[in-house]
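Reviewing the structure listed below.
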Amino acid sequence: MTIFGFLIKSMFRRKLLVTLSMLSLTTAFLLFILLRSVAVLFSGDVIDVPDVRMQTNSKYAMIFPLPHRYGEEIAAVEGVLAVTFASWFGGTFREGDTSAMTFAVDPSTYFEVHENYQISTEHLEAFLGLRTAAVAPEAIMYRYDLEVGEKVPVTSSIYPNTNGEPWTFDLVGTYRSENESEAAFLPFLFHYEYLKEASGESDVGWYTFTIEDPDKATEIAQIVDSKFENTADKTKTMTESQAFRNMMEQFGDISLMMNGIIGAVFFTMLLLTANTMIHSYRQRIPDLAVLKTLGFSDGKVARYMIFESLLFCTSSAAVGIGIAVATLALIGPYLPSGFVLIVTWNTLFWGTCIAVGLGLFIGLVPAFSANRLVIVDALHAR
Amino acid sequence: MVVIGIGGVVAVLVALLSMATGLTSVFTSSTDPYRGVAVRSGATGELSSNLGLDEANIVSTLDGVELAAAELFVIADIPKKATNTAANVVVRGVSEDSYNIRPELELVEGRRTEPGKNEIIVGTKAQEEFIGLNLGDIVELREFTWTVVGTFEADGSSIESEIWGDLSNVQSEFRYEGGITSIRLRLTSPSLIKGLAESIKEDPRLQVDLHSEQDWYKKSLQDNTRLIKIFALIVGIIMSVGAVFAALNTMYTAVASRTYEIATLRAIGFGGGPVVISVLVESLILAIFGGGLGALIAYLAFNGFTVSTLDSTAFSQIVFDFNVSPFLISLGIVVSVGLGMIGGFFPAIRAALLPVTAALRGE
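The listed protein sequences correspond, in order, to chains A and B. All residue numbers for the first sequence refer to the working numbering, where the first residue is -3 and numbers rise by one. All residue numbers for the second sequence refer to the working numbering, where the first residue is 65 and numbers rise by one.
Here is the structure:
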């Protein structure tokens, strides 16, 4: 029998006890991954967009509009490659639903700036060619059951249509992004010109532009903002990922809460698991004594105890993490738009660290006592 | 161990739900059936509403309207104490009648703003959460500076997260000349609201929807608490599963270590029933004790704990306290009883099925 086989055999000496403990530890790790993914979302770290994309908003709050003419001035700044703009439309696809990501944009420049968005030439041409055209990302198509070629009614509480009816857009295409973190935040896009004609809107929501050199981001942000410093509509420019992080920070103490719950969960599980290990150790004192009688050294027996608890913790963790990852992959498409739950490498790393740490910690007491075990007493206990 | 496992579940569940309860009370605590909110047709929040003062004047003359106050809702960036990063705060430009319509508003310090001056009064919740909103502080909002001349409470309602200034000043400094976002009404009778809403809808001079105050906040409430509730449910269920395993574990161990005693009981004539019941009762007592402890921890750690989050309807910060209500505490106890039952049941059956003679021989 190999050492590994021996460890597994001895770990499962009390089948029921160990299985139940493993299951409760598994749920702890399952929760850990789920809660971390929520915490990561609200910390704004989920978005990993190219650092060459920057965003200019109103200085006072991102909901305030900016004049249409700023686009040209931003484009004139050295190091700026392409500029586009968007306006938050706040459209809802179904009655009573919360508003989905729906932007009024300039179709030709929008895809130039968001060069990593993938759209077929055919769809892009259809989008450019029709004033009432719209394109939707896969997440929105899936969630609201839309199909290319359909007329899509959208209501907006910000821009009510003049006749009181919903707006209708011709959905002519779809687009996607390879960037998994970005994919859930992709908006439904339609022509700004259409909105402008129908509502008389002359300002835009914000500007997005690409720069040549990501290292010059701070510098360019300052130049852009200083251009509008003496106007009534002052601006605030930053990288898109920073803007996103600021936005998520507004949700406030949610990631703090998540981490608090994780702490509570692990504290509980630590006590429970430690208890089980100590129990299982006590029942096995005679076995250990037999091992020692057979000539296994004190250190070796102690190491077995540590390895056993490590094996116990890491295998529970692996199962828990596996279930969590599978669950997230399954429920992903059903979450509200903008709700992207991903398992980062950082989360996996900490999950592994906790599993190993927990294993070492709860293995120590039994290992220490096993080390000091006196054979005669132990055999006598039998 | 049953105590710790179930205590942990109950503590987390109660804490999460107390967050939802606290947020709920912000939107429901001071709604009054006499009051209504008029906004632009189709607007779902004040953020997407815009009206003119002439519309407010028309509405104020309608039958059944006792008081009408034109208000302007704008958003300003103020750094939060917790993170030192700017977050959206509601700045509300109000008229004299805004105070008369909301008798729950009580000044805690200072005085009301004087017309024509750049003065503001600050809700206590906003003051707690944001930097530099104490009495006498000078605050920069947009391009102009304002002096804090008072702080107010309002029965824990959402306006405690707001900053109030004089309507005409807010209009001019925030560049909304003559614009308002809502008309707050007080009616002579709650039963009038439906009829009034219909006559406003048909009035060709008005592009306005009238909502009862209750309906108006219901949407904010649903938008904001739905996710927390779903989340609490999911976390609660997963943790409960973990705790049931732990409880089973403990009770099996307890039964195993008392094999001899149980067998003795059986030998002197106790039937299977009493043994099952004794194990179940033990598990229940431990579970209830754990549940009570968990609820107590949640209460001590979280009751009154103030946090803020983004009100997704108003796109601004809403500050609220966790509220560990008696209902949540009893819910926690009920959950712990359920978990204790499951955790004790199978071990109890095993205890009852112990082969008496073998157990007595210590096998």
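Don't be surprised by glycine CBs; every beta carbon is placed ideally from N, CA and C. Small disclaimer: the values here were computed from a predicted structure and weren't measured.
Our contact map puts R330 of chain B next to V340 of chain B with C-beta atoms below 8 Å; I'd like the distance itself, whole angstroms only. Not quite, the Cβ-Cβ distance comes to about 12 Å (not below 8 Å), so this is no contact.
*asked:* Which complete beta strand (DSSP E) runs does the segment 160 to 196 of chain A hold, if anything under 3 residues is left out?
replied: 163 to 173 and 184 to 187
When the Cα of S82 of chain B is compared with those of B:F379, B:T370 and B:L418, which residue comes out closest? B:T370
F353 of chain B beta carbon less than 8 Å from that of V78 of chain B = no
*asked:* Checking the sheet assignment: what are the DSSP bridge partners for T209 of chain B?
replied: B:E204
Please check the pair F205 of chain A and A78 of chain A, which I expect to be a contact at CB under 8 Å, by giving their CB distance rounded to whole angstroms. 6 Å
(message) Which residue wins for smallest C-alpha separation from Y300 of chain A, given the options A:H187, A:M273, A:F99 and A:P103?
(response) A:M273
Would E74 of chain A be called buried (16 or more neighbouring beta carbons within 10 Å of its own) or exposed?
exposed
Since Q51 of chain A is in the beta strand (DSSP E), which residue starts that stretch and which ends it?
R49 to S54
Exercise. Assign I163 of chain A to buried or exposed, taking buried as 16 or more other Cβ atoms, counted over all protein chains shown, within 10 Å of its Cβ.
Key: The sequence as given places Trp at residue 163 of chain A; Ile does not occur at that position. Buried is the call here.
Through-space distance from A327 of chain B to V308 of chain B, alpha-carbon basis
26 Å
**Request:** Taking C-beta pairs closer than 8 Å, name the residues in chain A that S82 of chain B reaches, listed in chain order.
**Result:** Ordered by position in chain A, no residue passes the 8 Å Cβ test against S82 of chain B, which lies about 11 Å from the chain.
What would DSSP say about V101 of chain A, mapped onto helix, strand or coil?
strand
Return helix, strand or coil for V220 of chain A, following the three-state DSSP convention. helix
_If I follow the unbroken alpha helix (DSSP H) through L3 of chain A, where does it start and stop?_
I(-1) to M7
ask   = Name the chain B residues that come within less than 7 Å of P156 of chain A, Cβ to Cβ?
value = S105 and G106
How is the alpha helix (DSSP H) around T310 of chain A delimited, first residue to last? D294 to I327
| task | For P133 of chain A, count neighbouring Cβ atoms within 10 angstroms of its own Cβ and tell me buried if that reaches 16, exposed if not. | result | buried
Handout entry: Boundaries (first-last residue) of the alpha helix (DSSP H) holding R324 of chain B
Key = The residue asked about is misnamed: residue 324 of chain B is Tyr in this sequence, not Arg. Looking at the DSSP string, the run of the alpha helix (DSSP H) that includes Y324 of chain B is T323 to A331.
* Determine whether the Cβ of A228 of chain A lies closer than 8 Å to any Cβ atom of chain B. => yes
Please confirm whether M50 of chain A and A217 of chain A have their CB atoms less than 8 Å apart. yes
Looking at D199 of chain A: is its Cβ nearer than 8 Å to the Cβ of H110 of chain A?
no
Closer than 8 Å is the cut-off here; do at least three beta carbon pairs connect the segment 275 to 290 of chain B with the segment 90 to 108 of chain B? yes
(message) Within 8 Å of any Cβ in chain A, is that where the Cβ of A423 of chain B sits?
(response) no
Beta-carbon proximity list for A285 of chain A, same chain, < 7 Å, skipping 5 on both sides: L369, I371, A374 and L375
- Item | Closest residue to S380 of chain B among B:E241, B:L126 and B:S284 (Cα-Cα distance) | B:S284
Under 7 Å Cβ-Cβ, which residues of chain D neighbour N242 of chain A?
-> Here chain D cannot be found, since the structure's protein chains are A and B.
_I'd like to know if S39 of chain A contacts chain B, where contact means its C-beta is closer than 8 Å to some C-beta of that chain._
no
Cβ of R51 of chain A less than 8 Å from any chain B Cβ? This sequence places Gln at residue 51 of chain A; Arg is not what is there. Not an interface residue.
Q.
Going by beta-carbon coordinates alone, are G430 of chain B and A24 of chain A separated by less than 8 Å?
A. Chain B is shown from 65 up to 427; residue 430 of chain B falls before or after that span and cannot be answered.
task = Could you please give me the residues that DSSP links to G157 of chain B through a beta bridge?
result = B:L136 and B:G229
Test item: CB-CB of V358 of chain B and G396 of chain B under 8 Å | Before going further, note that residue 358 of chain B is Gly rather than Val in the sequence given. Yes, the Cβ-Cβ distance between G358 of chain B and G396 of chain B is below 8 Å.
* Asked: Taking T85 of chain B as the reference, which of B:G220, B:S112 and B:E346 has the closest Cα?
  -> B:G220
(message) Going by DSSP, what residue range makes up the beta strand (DSSP E) through S152 of chain A?
(response) K147 to S152
Legend entry - Range covered by the beta strand (DSSP E) that runs through L171 of chain B: E170 to G174
Strictly under 8 Å for the Cβ-Cβ distance: is L375 of chain A near chain B by that measure? no
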